[in-house]
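Participant: Below you will find the structure I want to go over with you.
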Amino acid sequence: MKVPFGNLKLHYETYKASIDKSVERVLASGHFILGPELTRFEHDFEEFLGAGYVAGCASGTEAIYLALKACGVGDKDEVMVVSHTAVPTINAISMTGATPVFVDVDASTYVMDVTEVEAKITQRTKVIVPVHLYGQMVDMEPLLKIADKFGVRVVEDAAQATGATYRGAKAGTIGDFGAFSFYPSKNIGAFGDGGAVAAKSREDFDRLIMLRNYGQSKRYYHDIIGINSRLDELQAAILSCQLPYVEEWNKRRREIAHLYTEGLKDFVVTPLEAEYGRHVFHLYVIQTAHRDQLQAYLSEQDIQTLIHYPIPAHMQNAYAYLGYKPSDLPATEYLAKRILSLPMFPSLTDSQVLQVVKCIREFHQKREFFVDSTPMDVSSTCVKMEGGLARPFSQR
Ligand SMILES: *Cc1c(COP(=O)(O)O)cnc(C)c1O
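Numbering that gives the first Met the number 0 applies: residue 0 is where the sequence shown begins, and numbers increase by one.
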């Protein structure tokens with residue numbers, strides 16, 4: 000049985016009737032940019048988030064960029080972020096001219112190690128960007144305390160975390176801004192590029208609305224320097240008809256994660272869900288010391304896997320100028336060698352999941368590999384579990 004990493008064709012076939020209707024409605028309307036479909040989606044997404052003001056934009060990358068610009072970030076500033084993320088997070092910082100400053104991640108939750116933040120804050124730090132990677136949120140409460148103490152603003156990269164929660168509050172509504180991506184494979188995807196920014200305050204929202212539309216306060220009056228970054232009517236209409244399903248899809252993602260964890264926990268390091276939040280499993284990421292061999296084996300069995308991400312941002316050629324050295328971010332570099340993302344999308348069937356589980360078990364049994372206990376995952380995982388910060392997903 001073939002198990003693909005994603006299946007957007009099947010997704011379209013399942014929702015074809017309502018998507019086609021939305022597309023036809025927009026085409027017939029003759030209104031393609033900044034129209035009623037966008038207004039409706041922004042309103043629906045505000046309701047979904049339960050807080051904040053939402054402005055649609057052209058992509059997740061630009062959502063982060065627009066939020067940073069609304070904070071006034073420029074080339075003299077530093078923006079604190081993790082290196083273990085999709086490189087676009089860092090690109091958005093670079094687009095403002097600011098310098099990205101990297102902190103390490105926690106090797107058991109895969110997200111920003113908040114205990115490292117304060118030591119790296121300088122006079123130039125303007126914004127912290129917590130990235131809710133794989134659908135798991137950063138520990139926001141202590142992070143906001145630090146941000147408050149130093150007068151630094153917070154832009155959440157919630158591109159992989161639509162619907163995730165932190166002590167009941169939705170990802171993207173806790174910091175000053177939340178940035179979302181509607182890249183087709185995200186937890187809610189457009190049929191093309193799309194993004195949105197949620198702002199906590201009306202004043203920040205008003206700035207976003209100008210920034211995304213050439214800096215205009217009203218037509219032909221440009222109060223600030225802006226760009227063109229808009230969510231078009233077609234994508235907004237398609238997103239509106241998908242939004243009612245996101246909760247159901249996220250539930251299914253959690254079910255799939257549970258099935259994987261039950262079957263795999265004695266063989267590989269399975270993901271943990273932090274006690275403070277609800278994980279929405281944009282990706283299901285395991286760790287193993289035999290990652291490359293396992294990936295090749297699964298590929299032979301027709302099971303598609305990916306690595307998110309094989310080369311951390313600070314080790315990319317584009318960011319060599321920042322001067323980071325190997326071992327500057329030990330957990331990030333350790334994970335890059337060990338992580339593997341298994342197939343994860345809502346229409347994945349139980350039998351497909353069990354097929355992946357069976358092949359991973361076979362791979363380990365044939366070679367007599369069991370869950371490996373290299374120092375970093377054992378110490379961090381055990382400490383966190385005993386400290387109550389995180390526990391295995393399977394215990395929920
Ligand atoms: C997808 C993604 C982005 C970029 O979003 P685009 O819509 O592709 O521009 C940024 N950050 C993270 C963590 C992402 O996963």
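We put the CB at the ideal spot given by N, CA and C, even for glycine.
Give the range of the beta strand (DSSP E) segment to which PRO3 is assigned.
Facilitator: Taken as a continuous stretch (DSSP letters only), PRO3 belongs to no beta strand (DSSP E), as it is neither H nor E.
Participant: Within the continuous alpha helix (DSSP H) that includes MET139, where are the two ends?
Facilitator: Unbroken alpha helix (DSSP H) run through MET139: 139-149.
Participant: Buried or exposed for HIS281, please, with buried defined as at least 16 other CB atoms from any protein chain shown within 10 angstroms of its CB.
Facilitator: It counts as buried.
Participant: Excluding the five sequence neighbours on either side, which residues of its own chain have a C-beta within less than 8 Å of the C-beta of VAL245, listed in chain order?
Facilitator: Only PHE47, THR161, GLY162, ASN186 and ILE187 meet the Cβ criterion.
Participant: So, do the region 2-9 and the region 336-346 have three or more beta carbon pairs nearer to each other than 8 Å?
Facilitator: Flag = yes, the region 2-9 and the region 336-346 touch.
Participant: With VAL81 and ILE237 assumed to form a contact (beta carbons below 8 Å), what rounded beta-carbon distance in angstroms separates them?
Facilitator: Not quite, the Cβ-Cβ distance comes to about 31 Å (not below 8 Å), so this is no contact.
Participant: If the criterion is Cβ atoms closer than 8 Å, does the pair VAL154 and VAL128 meet it?
Facilitator: Contact flag set, yes.
Participant: Using 8 Å as the Cβ pair cut-off and three pairs as the minimum, do the region 301-317 and the region 262-271 touch?
Facilitator: Touching, no.
Participant: Among the residues of its own chain, which have a CB less than 8 Å from the CB of ILE173, if the five just before and after it don't count?
Facilitator: Correct list, in chain order: MET139, LEU143, VAL153, GLU155 and TYR165.
Participant: Do you know how far the Cα of MET209 is from the Cα of MET136?
Facilitator: Each residue's alpha carbon lies about 29 Å from the other.
Participant: Could I get the ranges of all uninterrupted beta strand (DSSP E) runs contained in the region 44-115, with 3 residues as the minimum, in chain order?
Facilitator: The region 44-115 contains these whole beta strand (DSSP E) runs: 52-56, 77-81 and 98-102.
Participant: Quick check: is any heavy atom of ligand 1 less than 7 Å from the C-beta of VAL110?
Facilitator: No, the beta carbon of VAL110 sits no closer than 7 Å to any heavy atom of ligand 1.
Participant: How would you label GLY225, buried or exposed, when you count the other beta carbons within 10 angstroms and need 16 or more for buried?
Facilitator: That one is buried.
Participant: In whole angstroms, what is the alpha-carbon distance linking GLY167 and GLY276?
Facilitator: Distance between the alpha carbons of GLY167 and GLY276: 7 Å.
Participant: Any chance the CB of TYR182 is under 7 Å from a heavy atom of ligand 1?
Facilitator: TYR182 Cβ: within cutoff of ligand 1.
Participant: Write down every uninterrupted run of the beta strand (DSSP E) in the region 215-303 whose length is 3 residues or greater and which is fully enclosed by it, in chain order.
Facilitator: Here the runs fully enclosed are 215-217, 271-273 and 283-286.
Participant: From what residue to what residue does the beta strand (DSSP E) around LYS125 run?
Facilitator: Per DSSP, LYS125 belongs to the beta strand (DSSP E) from 124-127.
Participant: Rounded to the nearest angstrom, what separates CYS240 and VAL25 at their Cα positions?
Facilitator: Approximately 13 Å, taken between the alpha carbons.
Participant: Excluding the five sequence neighbours on either side, which residues of its own chain have a C-beta within less than 7 Å of the C-beta of ALA189, listed in chain order?
Facilitator: PHE181, PRO183, GLN234, ILE237 and LEU238, listed in sequence order.
Participant: On the criterion of 16 or more Cβ atoms from any shown chain inside 10 Å, does PHE31 qualify as buried, or is it exposed?
Facilitator: Exposed, by the Cβ-count rule.
Participant: With distances taken Cα to Cα, identify the nearest neighbour of LYS336 among ALA106, ILE120, GLU41 and LEU65.
Facilitator: Among ALA106, ILE120, GLU41 and LEU65, the Cα nearest to that of LYS336 is on ALA106.
Participant: As a quick exercise: from VAL78, PRO99, GLU254 and LYS365, pick the residue whose alpha carbon is nearest that of GLY322.
Facilitator: Among VAL78, PRO99, GLU254 and LYS365, the Cα nearest to that of GLY322 belongs to PRO99.
Participant: Thinking just about the alpha-carbon of each residue, which of VAL267, GLY177, GLY134 and VAL130 is nearest to the one in ARG253?
Facilitator: When only C-alpha atoms are compared, the closest one is GLY134.
Participant: Per DSSP, what kind of secondary structure is TYR323 in: helix, strand or coil?
Facilitator: Three-state result, TYR323: coil.
Participant: Do you know offhand how far ILE302's Cα is from VAL355's?
Facilitator: Each residue's alpha carbon lies about 7 Å from the other.
Participant: Measure the Cβ-Cβ separation of THR124 and ALA91 and say whether it is below 8 Å.
Facilitator: Their beta carbons are not under 8 Å apart, which means THR124 does not touch ALA91 by this criterion.
Participant: Which same chain residues, not among the five before or five after HIS221, have their C-beta less than 8 Å away from its C-beta?
Facilitator: Closer than 8 Å at the Cβ level, and outside the excluded window around HIS221, lie TYR213, GLY214 and GLN215.
Participant: Can you check DSSP and say which residues form a bridge with ASN316?
Facilitator: BP columns for ASN316 are empty, so no partner.
Participant: With hydrogens ignored, establish whether the beta-carbon of GLN159 is closer than 7 Å to any heavy atom of ligand 1.
Facilitator: Correct: GLN159 has its Cβ closer than 7 Å to ligand 1.
Participant: Would ARG229 pass as a contact of CYS70 if the rule is Cβ separation under 8 Å?
Facilitator: Contact: no.
Participant: Mind checking whether VAL72 and ALA97 have CB atoms under 8 Å apart?
Facilitator: Yes. Within cutoff.
Participant: For SER350 and LYS357, I'd like the C-alpha separation in whole angstroms.
Facilitator: Looking at the two C-alpha atoms, the distance is approximately 10 Å.
Participant: Looking only at its own chain, which residues have a Cβ that is under 7 Å from the Cβ of ILE18, when we skip the five neighbours before and after it?
Facilitator: Hits under 7 Å: TYR11, ILE237 and CYS240.
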